[in-house]
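Residue numbering for the sequence shown follows this note's numbering, beginning at 81 and increasing consecutively.
All C-beta atoms, glycine included, are put in the ideal place defined by N, C-alpha and C.
Heads up: the structure comes next, in structure tokens.
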Amino acid sequence: MAEPYGKLIAHQDAAAVEAACQAMGLSSTQFAELASRVAAAKATAYCPYSQFRVGTTLLAADGETYISGANVENAAYPVGTCAERVAMGRAVTDGFREFKAVAVATDISPPASSCGMCRQFMREFCALSTPILMFDKNGDFMVLTMGQLLPQSFGPENLPPPPPLTGIKGK
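Next up, the structure:
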């Protein structure tokens with residue numbers, strides 16, 4: 081496994097952050113924007129029951145468009161929606177279906193990774209090589225690829241081609 085994947089990187093370690101950016105194919109500006117936006121997204125979480133805030137920011141494949149979301153809980157617990165699915169849903173309905181990177185932020189350290197349901201949901205729109213950046217409460221982060229988070233995954237390429245649909249935006 082090549083650096084920086086799978087190890088916690090201190091946000092103050094400029095050399096390690098730069099090496100991580102290079103390994104992920106992100107500019108330092110894109111990384112800084114992801115880090116800033118995912119922290120802001122986390123601050124918008126609606127989590128009165130668990131008190132566990134999660135924010136997600138996606139960087140679209142164009143390298144310029146950022147889409148964020150936060151977890152939204154519900155008194156009927158299973159009805160709540162994770163931050164990753166909120167952000168992905170927004171992105172998909174806005175016409176974005178490919179991503180350069182995904183950032184997730186929580187208030188714990190070490191950082192939390194996406195739940196299994198979110199991993200499968202992200203797999204629909206992320207290449208196995210897509211970097212998933214997981215930020216902790218201090219802004220330190222860990223990176224894994226989509227393929228590392230969901231090995232032996234099932235994705236759209238595993239299904240036979242569907243018949244053409246008409247009237248669907250983006251198809």
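Rounded to whole angstroms, residue 90 and residue 216 show a C-alpha spacing of 10 Å.
Annotated three-state conformation of residue 87 is coil, per DSSP.
Within the DSSP bridge table, the entry for residue 140 names 179 as partners.
C-alpha of residue 211 to C-alpha of residue 171: approximately 17 Å in a straight line.
Counting along the chain, residue 196 sits inside the alpha helix (DSSP H) bounded by residues 196-203. Across the set 127, 124, 235 and 118, the C-alpha of 118 shows the shortest separation from the C-alpha of residue 137. Counting the other Cβ atoms within 10 Å of the Cβ of residue 234 gives fewer than 16, which makes it exposed. Counting along the chain, residue 132 sits inside no beta strand (DSSP E), nor does DSSP assign it H or E at all.
With contact defined as three or more Cβ pairs closer than 8 Å, the segment 123-137 and the segment 98-105 are not in contact. Of all alpha-carbon atoms in 147, 242 and 132, the one lying nearest the alpha-carbon of residue 188 is that of 132.
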